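Q: One structure coming up, written as structure tokens, with questions to follow.
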Amino acid sequence: METFENLNSWLNNAEEWLWTWVGTGIVAIVALYFTFRTGAVQIRMIPNMLRSITERTQKDESAPDRRKSLSSFQAFTVSAAARVGTGNISGVAGAIFLGGPGAVVWMWVMAIFTSAASFIESTLAQLYKARRADTYKGGPAFYIHRGLGSRVFGGIFAVLFIFCFALAFTSLQANTIVDAVDGAVAVYTDPEALPWLPIVIGAILAAFTAFIVIGGMRRVATVAQNLVPLMALIYLVLGLIIVLTNAEELPRVISQLFTGAFDFQAVGGGAVGTAIMHGVQRGMLSNEAGMGSVPNVAATSSISHPVKQGLVQTLGVYFDTLLVCSITAFIVLVAFPDVSAGGEGLVMVQESLTSSFGALGAVALAAIMFLLAFTSVLGNYSYGEANMNYLTRSRGWLQAFGWAVTLMVFIGSVISVELAWSIAGVSMIVIAVINLVVITLLSKPALILFHHYQTERKAGRNPIFLASDLPEIENVECWEKEDVQDYLDARDGQREVLGGPN
């Protein structure tokens with residue numbers, strides 16, 4: 004026990020030092036750089052984001068569902084499955100507890116600016132994706148290899164990434180499910196009287212995980228596209244009920260948020276610094292913009308132009324932070340005007356829902372956290388699976404990876420919540436810093452692609468990209484005619500109907 008306490012203490016200190024002196028500064032600089040270089044793509048191209056998310060994928064008669072790969076919407080929901088999880092509830096509540104209400108405002112600011120980094124990394128993932136069986140694979144390991152020309156560095160990143168997301172973050176999601184169930188049980192009895200509960204929950208979660216992940220990415224995508232809208236809707240409805248029934252509290256809550264974010268006189272400005280650090284940290288944990296995680300799913304979709312998936316995943320950042328995280332913030336602050344009187348993380352959310360809905364509130368939160376965290380497990384599996392595909396094409400190793408994820412679900416269910424958060428926090432900053440440096444070095448091809456996309460749009464055409472269009476971008480495996488043939492046929496058909504070039 005003492006060993007685990009020492010490990011947790013060391014990880015906490017390391018996490019705080021890394022975020023204070025490294026993470027926050029690098030995230031801010033890279034986010035501002037990409038916002039400037041893209042002309043604030045994340046703001047001025049929102050209509051294009053909405054248009055791209057509905058684009059259909061190509062057909063493949065040999066595939067089980069007749070699709071060549073995942074659609075833009077499926078890629079969006081799989082990445083949302085990983086994004087919308089513990090960070091949106093316990094992570095936001097934890098940021099408020101540690102950094103004050105002002106941390107939420109800095110989460111919003113961070114989301115708006117770092118979504119430009121999400122655009123760049125997802126565009127790069129599409130550009131440098133590779134063909135694997137009946138789908139595509141890609142992500143940081145792939146664009147490090149093809150863009151920077153280093154297979155070894157790509158392999159090192161893939162190994163680090165598998166540990167961070169597929170293992171450390173997976174255990175965190177499972178741990179949060181157990182924490183939420185404990186909160187629901189506490190309404191009726193003392194959870195300590197049921198020492199076997201975490202083991203049983205862990206076994207059930209592991210069984211569900213094994214059934215889905217052993218079925219591969221298509222089964223993961225099918226489950227995600229059905230569960231993500233459901234879980235988001237349930238949580239948003241509960242949150243809106245609390246907000247509407249406490250409408251008179253909204254002016255006070257809004258005042259708390261912005262006062263805490265910009266009160267530079269409080270403790271010599273130290274309070275604002277704390278709010279910024281925790282806002283950036285928990286915000287990145289929530290929406291994962293710039294972390295290199297979402298590109299692993301972004302690469303799997305079959306679309307007509309790499310930039311389209313960059314736009315789709317930019318929209319995902321807004322969905323995660325500006326919508327879901329904001330609901331959590333209002334739920335907490337309506338019930339706890341003095342956040343220091345609440346408990347860290349999930350406790351404040353549980354007590355707020357219980358005060359509004361009674362015991363049913365705690366039970367509802369446990370069910371919501373199960374859906375949120377379990378779909379995050381599936382999303383994290385998809386991230387790790389992409390990196391396993393970079394390291395090996397052996398089916399045996401891929402199956403072994405699926406079983407390793409299943410095992411981490413069980414382990415995460417029985418370890419302490421503090422240790423789970425510490426491991427995830429340190430892993431996250433290491434991965435994020437590496438990826439942000441890499442996408443900055445590779446920004447030129449992404450910006451060239453963005454210019455190509457804009458040129459096509461201005462000409463009134465549906466943007467379609469072929470590798471031969473931009474020969475200056477080297478080491479591109481896909482984007483031959485076979486990768487976009489359906490889109491070319493559709494555009495040619497439209498020309499025939501209109502009687503000339505479109």
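The sequence shown stops at residue 505 when you use the working numbering, and every number in between is there.
Each residue gets a CB set at the ideal place from its N, CA and C atoms; glycine is no exception.
Small disclaimer: the values here were computed from a predicted structure and weren't measured.
(1) Could you tell me which of G150, V184, S430, L452 sits nearest to A362, measuring between CA atoms?
(2) Within the same chain, show all residues whose beta-carbon is closer than 8 angstroms to that of F261, passing over the 5 residues directly before and after it, in chain order.
(3) How would you label D486, buried or exposed, when you count the other beta carbons within 10 angstroms and need 16 or more for buried?
(4) Thinking C-alpha only, which one of F172, W111, N51 is nearest M431?
(5) For V181, tell me which candidate among P198, F168, I165, C167 has the shortest Cα-Cα distance.
(6) For a quick check, are the C-beta atoms of A96 and V327 less than 7 angstroms apart?
(7) By Cβ distance below 8 angstroms, which residues in the same chain neighbour T331 in space, the five residues on each side in sequence not counted?
(8) For T409 and L175, I'd like the C-alpha separation in whole angstroms.
(9) CB A302 to CB G405, shorter than 7 angstroms?
(10) Tell me whether F39 is buried or exposed, calling it buried when 16 or more other Cβ atoms sit within 10 Å of its Cβ.
(11) Quick one: using the 10 Å Cβ neighbour count with 16 as the cut-off for buried, is D492 buried or exposed?
(12) Under the three-state reduction of DSSP, which class applies to Y139: helix, strand or coil?
(13) Does the distance from the C-beta atom of F156 to that of V310 stay below 7 angstroms?
(14) So what does R255 bridge to, in DSSP terms?
(15) Three-state secondary structure (DSSP) at S397?
(16) Output the distance between the C-alpha atoms of L253 and F373, rounded to the nearest integer angstrom.
(17) Classify D323 as helix, strand or coil using the three-state DSSP reduction.
(18) Are the beta-carbon atoms belonging to N51 and L314 less than 7 angstroms from one another?
(19) Name the two residues that bound the continuous alpha helix (DSSP H) containing E459.
(20) For S55, name the three-state secondary structure that DSSP assigns.
(21) By DSSP's criteria, S385 is part of a beta bridge. Which residues make up the other side?
(22) How about Q45 and T324: are their beta carbons less than 7 angstroms apart?
(23) C481 to F122, Cα distance in whole Å?
(24) Taking only three categories from DSSP, how would you classify R134?
(25) Considering only the beta carbon of each residue, do V440 and S118 sit closer than 7 angstroms?
(26) CB S307 to CB I467, shorter than 7 angstroms?
(27) Note down the Cα distance separating F339 from A144, rounded to an integer number of angstroms.
(28) Suppose you measure from the CA of Y386 to the CA of A43; what does that come to, to the nearest Å?
(29) Use the C-beta contact count for W111: other C-beta atoms within 10 angstroms, 16 or more gives buried, fewer gives exposed.
(30) Give me, in chain order, the residues of the same chain whose beta-carbon lies closer than 7 angstroms to that of I237; leave out the 5 immediate sequence neighbours on both sides.
(31) May I ask you to report which of helix, strand or coil DSSP gives S359?
(32) So the candidates are P448, R464, K484, I442; which of them puts its Cα closest to the Cα of A120?
(33) Is S296 helix, strand or coil when you go by DSSP?
(34) Could you pull out every residue in the same chain whose Cβ sits closer than 7 angstroms to the Cβ of S125, ignoring the five residues on either side in sequence?
(35) To which residues of the same chain is T458 closer than 7 angstroms at the C-beta, ignoring the five residues directly before and after it?
(36) If you draw a straight line from the C-alpha of Q402 to the C-alpha of A206, how long is it?
A: Taking the definition as stated:
(1) Counted from its first residue, the sequence shown places residue 362 at position 359. It is V184.
(2) By one-based count along the sequence shown, residue 261 stands at place 258. Result list for F261: G105, V108, in chain order.
(3) One-based indexing of the sequence shown puts residue 486 at position 483. It is buried - the Cβ of D486 has at least 16 other Cβ atoms within 10 Å.
(4) On the sequence shown, position 428 is the one that residue 431 refers to. Residue F172 is the option with its Cα nearest to M431.
(5) As a first step, residue 181 must be located in the sequence shown, where it is residue number 178. Measuring from the Cα of V181, the nearest candidate turns out to be P198.
(6) Mapped onto the sequence shown, residue 96 falls at position 93. Mapped onto the sequence shown, residue 327 falls at position 324. Their beta carbons are not under 7 angstroms apart, which means A96 does not touch V327 by this criterion.
(7) Taking the sequence shown and counting its residues from 1, one reaches residue 331 at position 328. Answer for T331: N91, I92, V95, A96, G242, V352, listed in chain order.
(8) Stepping through the sequence shown from its first residue, residue 409 is reached at position 406. Stepping through the sequence shown from its first residue, residue 175 is reached at position 172. Cα-Cα distance, rounded: 13 angstroms.
(9) Along the sequence shown, one-based indexing puts residue 302 at 299. Along the sequence shown, one-based indexing puts residue 405 at 402. Contact flag unset, no.
(10) The residue given as residue 39 occupies position 36 in the sequence shown. The residue is exposed, with fewer than 16 neighbouring Cβ atoms inside 10 Å.
(11) As a position in the sequence shown, residue 492 is number 489, starting the count at 1. D492 is exposed by the Cβ-count criterion.
(12) To locate residue 139, count along the sequence shown from 1; it is residue 136. Correct three-state label for Y139: strand.
(13) For the purposes of this step, residue 156 is taken as residue 153 along the sequence shown, with counting starting at 1. For the purposes of this step, residue 310 is taken as residue 307 along the sequence shown, with counting starting at 1. No.
(14) What you label residue 255 is simply residue 252 of the sequence shown in a count that begins at 1. Answer is none; R255 lacks a bridge partner.
(15) What you label residue 397 is simply residue 394 of the sequence shown in a count that begins at 1. Of the three classes helix, strand and coil, the one that applies to S397 here is coil, per DSSP.
(16) By one-based count along the sequence shown, residue 253 stands at place 250. By one-based count along the sequence shown, residue 373 stands at place 370. In a straight line, the C-alpha of L253 is about 29 angstroms away from that of F373.
(17) Taking the first residue of the sequence shown as 1, we reach residue 323 at position 320. Note: D323 maps to helix in three-state DSSP.
(18) Translated into positions along the sequence shown, residue 51 becomes position 48. Translated into positions along the sequence shown, residue 314 becomes position 311. Contact: yes.
(19) The residue labelled residue 459 in the question sits at position 456 within the sequence shown. Looking at the DSSP string, the run of the alpha helix (DSSP H) that includes E459 is 446-461.
(20) Working through the sequence shown from its first residue, we reach residue 55 at position 52. If DSSP states are grouped into helix, strand and coil, S55 belongs with the helices.
(21) In the sequence shown, the residue the question calls residue 385 occupies position 382. DSSP lists no partner for S385.
(22) Locating residue 45 in the sequence shown gives position 42, counting from the first residue. Locating residue 324 in the sequence shown gives position 321, counting from the first residue. Going by C-beta atoms, Q45 is not nearer than 7 angstroms to T324.
(23) Taking the first residue of the sequence shown as position 1, residue 481 is located at position 478. Taking the first residue of the sequence shown as position 1, residue 122 is located at position 119. For C481 and F122, the distance between alpha carbons rounds to 20 angstroms.
(24) Here residue 134 refers to the residue found at position 131 of the sequence shown. Looking at R134 - three-state DSSP - the assignment turns out to be strand.
(25) Along the sequence shown, read from residue 1 onward, the residue named residue 440 stands at position 437. Along the sequence shown, read from residue 1 onward, the residue named residue 118 stands at position 115. Contact: no.
(26) Stepping through the sequence shown from its first residue, residue 307 is reached at position 304. Stepping through the sequence shown from its first residue, residue 467 is reached at position 464. Going by C-beta atoms, S307 is nearer than 7 angstroms to I467.
(27) For the purposes of this step, residue 339 is taken as residue 336 along the sequence shown, with counting starting at 1. For the purposes of this step, residue 144 is taken as residue 141 along the sequence shown, with counting starting at 1. Taking the straight line from one Cα to the other gives about 44 angstroms.
(28) Position 383 of the sequence shown, counted from the first residue, corresponds to residue 386. Position 40 of the sequence shown, counted from the first residue, corresponds to residue 43. Computed Cα separation, rounded: 27 angstroms.
(29) One-based indexing of the sequence shown puts residue 111 at position 108. When all chains shown are included, W111 counts as buried.
(30) On the sequence shown, residue 237 is found 234 positions in, with the first residue counted as 1. Closer than 7 angstroms at Cβ, skipping near neighbours: I371.
(31) Taking the first residue of the sequence shown as position 1, residue 359 is located at position 356. Reduced to three states, the DSSP call for S359 is helix.
(32) As a first step, residue 120 must be located in the sequence shown, where it is residue number 117. Here the closest residue by C-alpha is I442.
(33) The residue you call residue 296 lines up with position 293 of the sequence shown. In this structure, S296 counts as coil in the three-state DSSP scheme.
(34) Counted from its first residue, the sequence shown places residue 125 at position 122. Same-chain partners within the cutoff: V297, P298, A301, Q312, G313, Q316.
(35) Stepping through the sequence shown from its first residue, residue 458 is reached at position 455. Once the five neighbours on either side are set aside, T458 has no close Cβ partner at all.
(36) The count along the sequence shown starts at 1 and reaches residue 402 at position 399. The count along the sequence shown starts at 1 and reaches residue 206 at position 203. About 19 angstroms.
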